[in-house]
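The sequence shown lines up with residues 12 to 117 when you count with the numbering used here. Just so it is clear, CB atoms sit at the ideal spot from N, CA and C, and this is done for glycine as well. First comes the structure, then the notes that go with it.
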Amino acid sequence: MDALTPVAVQAIAGLLGGGIAGNLMDVAAIRTPPKVLVSLIGGVAGGALAGLALGVGAVAVVAPDPAVTADVTSRVNFAGLGAWVGGGLIGGGLLTTVSGAIGLGR
12 MDALTPVAVQ AIAGLLGGGI AGNLMDVAAI RTPPKVLVSL IGGVAGGALA
62 GLALGVGAVA VVAPDPAVTA DVTSRVNFAG LGAWVGGGLI GGGLLTTVSG
112 AIGLGR
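Written out as structure tokens, the structure is:
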């Protein structure tokens, strides 16, 4: 389950980024399934690239040892989470805008 957390965070951030871009520019409005898919893909790609570029987390993380992480808050990678959300927002918005500009999903 821990390996899916970054992907889920990045996908949700990508949807939000695509929605924000769609509100700012009509060409990027998420009105069709292809644009929703593009925003999900852009969010995962952007979040993963941001995490790798900043060195704070990869796409998938290894599950921590339960003996080491007895405290619940010690399992949260805040730097990675910030990179995944920020990269996901930017990636989702950017890819959705580009796909709208080239006419995908009209």
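Inset, instruction - For Ala56, collect the residues of the same chain with a Cβ closer than 7 Å to its Cβ; drop the 5 residues on either side in sequence, then sort them by chain order. - result: Position 45 of the sequence shown holds residue 56. If the five residues before and after Ala56 are omitted, its C-beta is found closer than 7 Å to the C-beta atoms of Gly102, all from its own chain and listed in chain order.
Inset, instruction - Could you have a look at Leu26 and say whether DSSP puts it in helix, strand or coil? - result: Working through the sequence shown from its first residue, we reach residue 26 at position 15. Of the three classes helix, strand and coil, the one that applies to Leu26 here is helix, per DSSP.
Inset, instruction - Please name the residue in Ile31, Val67, Ala64 and Ala14 whose C-alpha comes closest to that of Gly107. - result: Mapped onto the sequence shown, residue 107 falls at position 96. The sequence shown places Thr at residue 107, not Gly. Of Ile31, Val67, Ala64 and Ala14, the residue nearest in Cα terms is Ile31.
Legend entry - Same chain, Cβ closer than 8 Å to Leu60, neighbours up to 5 away in sequence not counted: In the sequence shown, the residue the question calls residue 60 occupies position 49. Excluding positions up to five away in sequence, the list reads Gly98 and Gly102.
Inset, instruction - Taking the CB atoms as reference points, tell me whether Ala162 and Gly29 lie closer together than 9 Å. - result: The requested residue 162 is not part of the displayed model; the chain covers only 12 to 117.
Legend entry - For Gly53, the nearest candidate out of Gly66, Val20, Met36 and Phe89 (CA to CA): The count along the sequence shown starts at 1 and reaches residue 53 at position 42. Its Cα nearest to that of Gly53, the residue Val20 stands out among Gly66, Val20, Met36 and Phe89.
Inset, instruction - Check the C-beta distance from Gly62 over to Ala94 and give it rounded, since I have them as a contact under 8 Å. - result: Residue 62 sits at position 51 when you count from the first residue of the sequence shown. Residue 94 sits at position 83 when you count from the first residue of the sequence shown. Their Cβ separation, rounded to whole angstroms, is 4 Å, which keeps Gly62 and Ala94 in contact under 8 Å.
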